[in-house]
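Undergrad: Numbering of the sequence shown is given in the numbering used here, commencing with residue 2 and proceeding in unit increments.
Just dropping this structure here.
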Amino acid sequence: MLSLLLCLSCVAKKASPPEGWIDPVSGVEFVFIPNGSFDMGGSGAVADSLIAAPLHPVELTADFWMGRTEITRKQWERLMGSEELHPDKPNPFRKDDPDYPMVSVSYQDIERYLEVLNNREGAWHFRLPTEAEWEYACRAGTGTEFAFGDRLTDSLANYRADLPSHLSRPGRAVGHPAPVGSYPPNPWGLYDMHGNAWEWVSDWYAPYTDLSVDPKGPDHGNEKVLRGGSWFFGAENARSASRRTHAPGLWGFSIGFRVVAEPR
2 MLSLLLCLSC
12 VAKKASPPEG
22 WIDPVSGVEF
32 VFIPNGSFDM
42 GGSGAVADSL
52 IAAPLHPVEL
62 TADFWMGRTE
72 ITRKQWERLM
82 GSEELHPDKP
92 NPFRKDDPDY
102 PMVSVSYQDI
112 ERYLEVLNNR
122 EGAWHFRLPT
132 EAEWEYACRA
142 GTGTEFAFGD
152 RLTDSLANYR
162 ADLPSHLSRP
172 GRAVGHPAPV
182 GSYPPNPWGL
192 YDMHGNAWEW
202 VSDWYAPYTD
212 LSVDPKGPDH
222 GNEKVLRGGS
232 WFFGAENARS
242 ASRRTHAPGL
252 WGFSIGFRVV
262 AEPR
């Protein structure tokens, strides 16, 4: 409670915010992300089919708080219970470890989670990050392919390190999700922004536009955007700028999410 009061005081006074706070209902720990500007997308050799966008400046005008980790199975069940979401095709990784990222969730599943989380009185509203917010937080002030530099290793992230790539050194593939926080955080204290589980963001997919201030996807679409790569995909997918798409009513065994908090 004290940390929440301190955080609210920071919002009001624009003082230096705390490094993090834990929501008592969901158990999610949040990290302060200051507003700012960055270059989004890729250029030259990295402007490929996984990015499909030129490097372009983006400004985010509002501070926000992002989950330090992907939502875990334990955090999901704290609000939603332990019932299998898709009993016709159960997630083979869901029951192995309560600190695994909560995968095999569709965008619509997450909407129900957020409805439960937001259907209470409190100072905070919870949502998925926009695509721009996600990449800004992932980059954490860096301009390289990954927040750790231009090449990834199996000591830095959970991805298919056994797949040859100019973006990574040969390594071992774990072959399943890892408990969140098993690898080093990025410079802003966020874990698993590269690999472990794909993460839904709020944007409907569309080619990037020239919109450079608080960009969001279109109002409607057929597919939502995924970010971050996963344990099942190679280094190309785990880059800060890489994007994939997925139908909102479908789930995938390596797709999860993390949430953003903002003052109501």
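Where a beta carbon is used, it is the ideal one built from N, C-alpha and C, also for glycine.
With three or more beta-carbon pairs closer than 8 Å as the criterion, would you say the segment 207-216 touches the segment 161-171?
TA: The answer is no - the segment 161-171 does not touch the segment 207-216, with fewer than three Cβ pairs under 8 Å.
Undergrad: How is V261 classed by DSSP in three states: helix, strand or coil?
TA: In this structure, V261 counts as strand in the three-state DSSP scheme.
Undergrad: Does E30 come out as helix, strand or coil in the three-state DSSP assignment?
TA: E30 falls in the strand class under three-state DSSP.
Undergrad: Cα separation between A174 and G123?
TA: Using only the alpha carbons, I get a separation of about 42 Å.
Undergrad: So, for G182: in the same chain, excluding its five sequence neighbours on each side, which residues have a beta-carbon less than 6 Å away from its beta-carbon?
TA: If we look at G182 and ignore the five residues flanking it on each side, its Cβ neighbours are T70 and Y192.
Undergrad: What are the boundary residues of the alpha helix (DSSP H) that includes R140?
TA: That run of the alpha helix (DSSP H) goes E132 to R140.
Undergrad: Between the Cα of V117 and the Cα atoms of E136, W77, S38 and S105, which residue gives the shortest distance?
TA: Minimum Cα distance to V117 is reached at W77.
Undergrad: Which residues does DSSP pair with N159 in a beta bridge?
TA: Answer is G196, bridged to N159.
Undergrad: Check whether the Cβ of I23 lies closer than 7 Å to any heavy atom of the ligand SAH, and answer yes or no.
TA: In the structure shown, the ligand SAH is absent, as is every other ligand, since no ligand is present at all.
Undergrad: By the three-class DSSP mapping on this structure, what secondary structure does I111 have?
TA: Helix at I111.
Undergrad: Would you kindly work out how many angstroms separate the C-alpha atoms of N159 and A242, rounded to a whole number?
TA: Cα-Cα distance, rounded: 17 Å.
Undergrad: Can you find the residues in the same chain that come closer than 8 Å, C-beta to C-beta, to P58, ignoring five residues on each side of it along the sequence?
TA: Same-chain partners within the cutoff: S38, F39, D40, M41 and S213.
Undergrad: Output yes or no for whether 8 Å exceeds the beta carbon distance between G196 and A239.
TA: A contact, by the Cβ cut-off of 8 Å.
Undergrad: Assuming V106 and W232 make a contact with CB atoms under 8 Å, what is their CB distance in whole Å?
TA: In fact, because the Cβ distance is near 16 Å, the residues do not count as touching under 8 Å.
Undergrad: Under a three-way DSSP split, which group does F254 fall into?
TA: Here F254 sits in coil by DSSP.
Undergrad: Hey, would you say R74 sits closer than 8 Å to M103, going by beta carbons?
TA: Contact flag set, yes.
Undergrad: If you drop the 5 nearest sequence neighbours on each side, which residues of the same chain put their C-beta closer than 6 Å to that of P130?
TA: Contacts found: V202 and V261.
Undergrad: Using the Cα positions of S27 and G230, report the straight-line distance between them to the nearest angstrom.
TA: Approximately 25 Å between the Cα atoms of the pair.
Undergrad: Smallest Cα separation from E254: which of E132, E263, W199 and R244?
TA: Strictly speaking, residue 254 in this sequence is Phe, with Glu absent from that position. Nearest option by C-alpha distance: W199.
Undergrad: Taking the alpha carbon of P25 as the point to measure from, which residue in G150, T62, I52 and W125 has its own alpha carbon closest?
TA: Comparing Cα-Cα distances from P25 to each of G150, T62, I52 and W125, the minimum goes to W125.
Undergrad: Let me know the secondary structure DSSP gives V181 once reduced to three states.
TA: Coil.
Undergrad: Among P264, K225, L157 and N119, which one has its Cα closest to the Cα of L80?
TA: With distances taken between Cα atoms, L80 lies closest to N119.
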